[in-house]
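Residue numbers (our numbering): 15 to 315.
Don't be surprised by glycine CBs; every beta carbon is placed ideally from N, CA and C.
Since we're looking at a predicted model, the values are computed, not measured.
Structure first, then comments.
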Amino acid sequence: MDSVTIPVLVDQLVRGLAVGGVYALVALGFALIFGVLRVAQFAHGEVYMLVAFLVLTALPALPLGGFSQFGLVLVLALFLGATIGLAVERVVFRPLMAAPHLAAIISAIGLSIALQYLAAFLWGAELHPFVLNWAPGNLALGPATIPAFKVVIFVTALALLAGLQLVLRRTQLGRAIRATASDPETARLMGINTIRIIAAAFAVGSAFAGAAGVLVAALYGVVYSSMGIAALVKGYTATVIGGVGNLVGAVISGLLLGVFEVLLESYVSPKWSDAIIFALLIGVLVLRPQGLLGRAIPQRL
């Protein structure tokens, strides 16, 4: 447990914002997919994990170093995440679109387990180092000196989140996604191809999961086959607390959850942090099932 000093507290807050930015990316992707399909994508964490492994495999072939390598890794992660998301939507969810929601949920859980075992078989179940050829050094922030890479991860996450908001608010695709999420039947009657919009939402949401996977891998320096479980649980928690289907709520909750988790680990106990966060989740579900910033949704998860 760290002592409560200003430099340590500043460092923990910055790390919490970096982790929270990653959670916000996962939560936003999860909320975006749920918003258009009204079904929880429980293999979202495995997209996060699989992209991290694929980028790790590609790292030796990337000729660049420094910030250029970081940018290339991020673009590759977004592309791989979108590609995997499209495949998951086409193979798993689209054939079950007319089936009861429980069928799609069970299929997603089965896919999650299958991808975990596939990753363990292909790369092994042990921890794998994930090291970028870039060391940005430290930053002086008041009385504290913090690793600049934590700030880079937080700023990158915010830039991606802001970019998505811009797309949703200012582009025809974004308006079609919002219309489909609001009322898919009316959107279809207005000429929107909701099947393609759902696929686009899967691509965007999974691209964010892929970006989150490489950001957290770079932050902690490791990848492993079960890393998607924690990401899914924390992303789902942020989505529920913020309000299922509420994108702004997912972002705010993800950031706050990251800070809260890091402070709990530092000043309470790492053993109790997850238990306290899940108790918070249960409390929100009991007292306000639609989330702090959400509205009631008649469909079941």
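Original post:
Out of curiosity, what's the CA-to-CA distance linking valine 273 and arginine 189?
Top reply: 32 Å
**OP:** Please classify arginine 184: is it buried, with 16 or more other beta-carbons within 10 angstroms of its beta-carbon, or exposed?
**Re:** exposed
Subject >> Distance, leucine 229 Cα to isoleucine 191 Cα >> reply: 26 Å
Subject >> Status (buried if at least 16 other CB within 10 Å, exposed otherwise) for asparagine 260 >> reply: buried
**OP:** Identify which residue in Gly305, Leu76 and Val258 has its Cα closest to the Cα of leucine 320.
**Re:** Outside the modelled stretch of the chain, which goes from 15 to 315, sits residue 320, for which no answer is possible.
Subject >> One or two residues paired with valine 8 in a DSSP bridge >> reply: Because residue 8 is not part of the residues shown, which for the chain are 15 to 315, the question remains open.
Original post:
How should phenylalanine 163 be labelled, buried or exposed, when 16 other C-beta atoms within 10 angstroms of its C-beta is the threshold for buried?
Top reply: buried
**OP:** Starting from the Cα of alanine 41, find the closest Cα among Lys285, Tyr250 and Val262 and give me that residue.
**Re:** Tyr250
**OP:** Return the CA-CA distance between isoleucine 296 and leucine 76, expressed in angstroms with no decimal places.
**Re:** 44 Å
Subject >> Euclidean distance between Cα positions of alanine 128 and phenylalanine 44 >> reply: 19 Å
Subject >> N- and C-terminal bounds of the beta strand (DSSP E) containing proline 76 >> reply: Looking at the sequence shown, residue 76 is not proline but leucine. No beta strand (DSSP E) holds leucine 76; DSSP gives it neither H nor E.
Subject >> alanine 45 in three-state terms, based on DSSP >> reply: helix
**OP:** Please go through the stretch 81-149 and give each complete alpha helix (DSSP H) segment of 4 or more residues, from N-terminal end onward.
**Re:** 115-137
**OP:** Can you grab the Cα-Cα spacing for the pair leucine 136 / serine 239, in whole Å?
**Re:** 10 Å
Original post:
Does the stretch 196-215 come within contact of the stretch 22-37, defined as at least 3 CB pairs closer than 8 Å?
Top reply: no
Original post:
Is it the case that the Cβ atoms of alanine 171 and valine 65 are separated by a distance below 8 Å?
Top reply: no
**OP:** Taking only the alpha-carbon atoms, compute the straight-line gap between proline 109 and valine 87 and give it to the nearest angstrom.
**Re:** 33 Å
Subject >> Where the beta strand (DSSP E) containing threonine 159 begins and where it ends >> reply: 158-161
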